[in-house]
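Okay, so the sequence shown: first residue is 0 according to numbering that gives the first Met the number 0, each after it adds one. For glycine and all other residues, C-beta sits at the position ideal for the given N, C-alpha and C.
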Amino acid sequence: MAIGRSSSSAAKAAVKKALGEMGFNISGGAINWFPGHMAAATRAIRDRLKVSDLVIVVRDSRIPLSSVNADLQPHLSNKRRVIALNKRDLGNPNKWTLYFDSRNQDCLPINAHSKSSVKKLLDLVELKLKEAISREPTLLVMVVGVPNVGKSALINSIHRIASSRFPATVGPLPGVTQDIAGFKIAHHPSIYVLDTPGVLVPSIPDIETGLKLALAGSVKDSVVGEERIAQYLLAVLNTRGTPLHWKNLNNRRMEGIQYEPEEKHDYNLKDLRPKKKPPNVSDVLYVEDMVTEVQRALYFSLSEFDGNVENENDLECLIEQQFEALQKALRIPHKASEARIMVSKKFLTLFRTGKLGPFILDDVPEVNTTS
0 MAIGRSSSSA AKAAVKKALG EMGFNISGGA INWFPGHMAA ATRAIRDRLK VSDLVIVVRD
60 SRIPLSSVNA DLQPHLSNKR RVIALNKRDL GNPNKWTLYF DSRNQDCLPI NAHSKSSVKK
120 LLDLVELKLK EAISREPTLL VMVVGVPNVG KSALINSIHR IASSRFPATV GPLPGVTQDI
180 AGFKIAHHPS IYVLDTPGVL VPSIPDIETG LKLALAGSVK DSVVGEERIA QYLLAVLNTR
240 GTPLHWKNLN NRRMEGIQYE PEEKHDYNLK DLRPKKKPPN VSDVLYVEDM VTEVQRALYF
300 SLSEFDGNVE NENDLECLIE QQFEALQKAL RIPHKASEAR IMVSKKFLTL FRTGKLGPFI
360 LDDVPEVNTT S
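Below, the structure written as structure tokens:
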């Protein structure tokens, strides 16, 4: 088995044929299969930016570069802004904070569902505004982000914090001509966080960026297809050699401790997502064993593979073998109709909820430390 360095190009090549007819706009710009109302939302966001004093740009810590709206960047260039790297537990944001620091951009890893994490973000926002503006009586902060980066969760957390600080000041802003609602987070000067309109469309300059967005959930699964997204994830894992690092994981199965589940366990993996009811002990053990089986299946299939993962045809053959191995690991009946879709959905859920470990899909650009 050979694993090379050019993982991104190999991963792209392995799935390019299957994705060729999917309508990715390789020439650049916003792709055309987002709902039409999003274009109107983008215009509304641009209008609201004009009255904003600072912008919180929410990005997914797994794809800090891919989760950017390129069309909006010129409108942000002259704005004070803070990059909030959300879902910090799913990626490795420390590398990215160094990168953004090198570009003189304020960046803070956050968990949008954590009150303490969001408070730290608001403290930074307040500091950035108060050190820059002292004469304005009212300052406006806007939150932007492409779908599924956690913008709504962040807005909800800010709303709760604002309501506890200033119970009577959540609503239409005083002295602002537009019909804009906001949440007051500070006084002297008064700082409001705007309720952002609509959804911001991500830009997709190439197929791989589109696949990263789909894998992170910023593009609906139905647009690309769960099976194609799972193929891309397997291509990335294989070309990076990630399953080989799972051999030495200190898990219960390797220690000889195994949970024996009921013959038919009815726990739904979708319940792993935020805001769902916490699983009980039986469910936790069930998921842990499922994760272990998935990791073992991918480890053995890759370690025993005698082809070259940098070769498109070899990698496609490996991925086919791994779909069969995953079907067994995920206990999906061999003759089940839609078996590959079921495998893909469960596999993607384990990845998206961090059960396969933290992962960065974007490559961190090298930071030039020389003066």
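- Looking only at I82, D100, L97, the smallest Cα-Cα distance to V117 is reached by I82.
- The alpha-carbon separation between V293 and V143 amounts to approximately 36 Å.
- Each residue's CA atom was taken as its position, placing S156 and Q320 some 44 Å apart.
- Counting only residues of its own chain and dropping the five nearest sequence neighbours on each side, P332 has no CB closer than 7 Å to any other CB.
- Shown here, P108 sits in a strand according to DSSP, grouped into three states.
- The beta-carbon distance between S65 and T208, rounded to whole angstroms, is 5 Å. This is short enough to meet the 8 Å contact definition.
- Taking the Cα positions, V286 is about 15 Å away from V342.
- The beta carbon of E125 sits closer than 8 Å to the beta carbons of I184, A185, I190 from its chain, once the five residues preceding and following it are set aside; these are given in chain order.
- Secondary structure at K86: coil, using DSSP grouped into helix, strand and coil.
- If the five residues before and after G306 are omitted, its C-beta is found closer than 6 Å to the C-beta atoms of D313, all from its own chain and listed in chain order.
- In the three-state DSSP reduction, R239 falls in the helix class (H, G or I).
- Straight through space, the alpha carbons of S76 and P188 are spaced by roughly 24 Å.
- By the Cβ-count criterion, P63 is buried, with 16 or more other Cβ atoms from all chains shown falling within 10 Å of its own Cβ.
- R80 and A213 have their C-alpha atoms spaced approximately 26 Å apart.
- Around the CB of N147, 16 or more other CB atoms lie within 10 Å, so the residue is classed as buried.
- When secondary structure is reduced to three states using DSSP, F182 falls in the strand class.
- Going by beta carbons, D59 and A161 fall outside the 7 Å limit.
- With a cutoff of 7 Å on beta-carbon distance, A229 and L347 are scored as near each other.
- Between the alpha carbons of P92 and A111 lies a gap of roughly 14 Å.
- Distance from the CA of L243 to the CA of S302, rounded to the nearest whole angstrom, comes to 7 Å.
- In this structure, the alpha-carbon of L210 lies about 10 Å from that of G224.
- If only complete runs of 4 or more residues are kept, the region 139-169 shows the alpha helix (DSSP H) at 150-164, in order along the chain.
- Within the same chain, Cβ atoms closer than 7 Å to the Cβ of R339 are found at E226, F322, the five residues on either side in sequence being excluded.
- DSSP lists L138, A185 as the bridge partner or partners of I190.
- Per DSSP, D205 lies in no alpha helix (DSSP H) segment and is marked neither H nor E.
- For D59, the uninterrupted beta strand (DSSP E) run begins and ends at 53-59, by DSSP.
- Here the C-alpha atom of N68 lies approximately 28 Å from the C-alpha atom of T137.
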